[in-house]
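Residues in the sequence shown are numbered consecutively from 1357, following this note's numbering.
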Amino acid sequence: MDKSVGLRGYCCFNCRNIVADHNDIINKEFLGIHEKGRGRAFLFSHAINVVEEPPYRMQMISGPHVVSDILCAECGKNLGWKYKKSFRDVNKYKEGKIVMVKYNIIKV
């Protein structure tokens, strides 16, 4: 079944490809600060129609993490990142979660 049918969620700002379901939002007031994007962001449990780039280590305000950039599968726009590993116990809840910076996505 096509998960995008009847979806209430978010699409890529660039090409309007659906990339996330509204029901998968964990935090609407997340602050995304990353070398490839910064600003208000959403923390999602899942994403769809995206490509995950190879992981790399990144120092963030909350501490060191291993992340993978998340790109729109349709146009290749960088939408945010996925937390692969957190090195501080307080950040372990982020592992496997996706951050999408708000200016990269549009509500549908």
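Positions of the beta carbon are idealized from the N, C-alpha and C atoms, including for glycine.
Own chain residues within Cβ distance below 6 Å of residue i, not counting five before or after
i: Met1414; result: His1421, Val1423
i: Ile1382; result: Leu1399, Ser1401
i: Lys1433; result: Cys1368, Asn1370
i: Arg1396; result: Lys1458
Straight-line gap, residue i to residue j (C-alpha atoms, nearest Å)
i: Arg1364; j: Gly1452; result: 22 Å
i: Lys1463; j: Tyr1439; result: 23 Å
i: Glu1385; j: Lys1458; result: 10 Å
i: Ile1454; j: Arg1444; result: 18 Å
i: Cys1371; j: Tyr1449; result: 31 Å
i: Cys1431; j: Asn1373; result: 8 Å
i: Tyr1412; j: Ser1442; result: 12 Å
i: Ile1404; j: Met1416; result: 25 Å
i: Glu1408; j: Leu1387; result: 21 Å
Paired residues, beta bridge with residue i - DSSP
i: Ile1382; result: DSSP lists no partner for Ile1382.
i: Arg1396; result: Leu1387
i: Ala1376; result: Tyr1366
i: Val1407; result: Leu1427
Chain-order list of residues whose beta-carbon lies under 8 Å from that of residue i (same chain, five-residue window excluded)
i: Ile1461; result: Tyr1366, Cys1367, Cys1368, Phe1369, Val1375, Ala1376, Phe1398, Leu1435
Close-in-space but distant-in-sequence residues of the same chain around residue i (CB under 7 Å, 5 per side omitted)
i: Asn1379; result: none
Proximity winner among the options, relative to residue i (alpha-carbon distances)
i: Val1446; options: Trp1437, Ile1454, Arg1372, Ser1418; result: Ser1418
i: Cys1428; options: Pro1411, Arg1396, Val1406; result: Val1406
i: Met1456; options: Lys1441, Ser1442, Asp1425; result: Asp1425
i: Pro1410; options: Leu1387, Ser1442, Trp1437; result: Trp1437
Proximity test, Cβ basis, 9 Å: residue i and chain D
i: Ser1424; result: Structure shown: chain D not included; a single protein chain is present.
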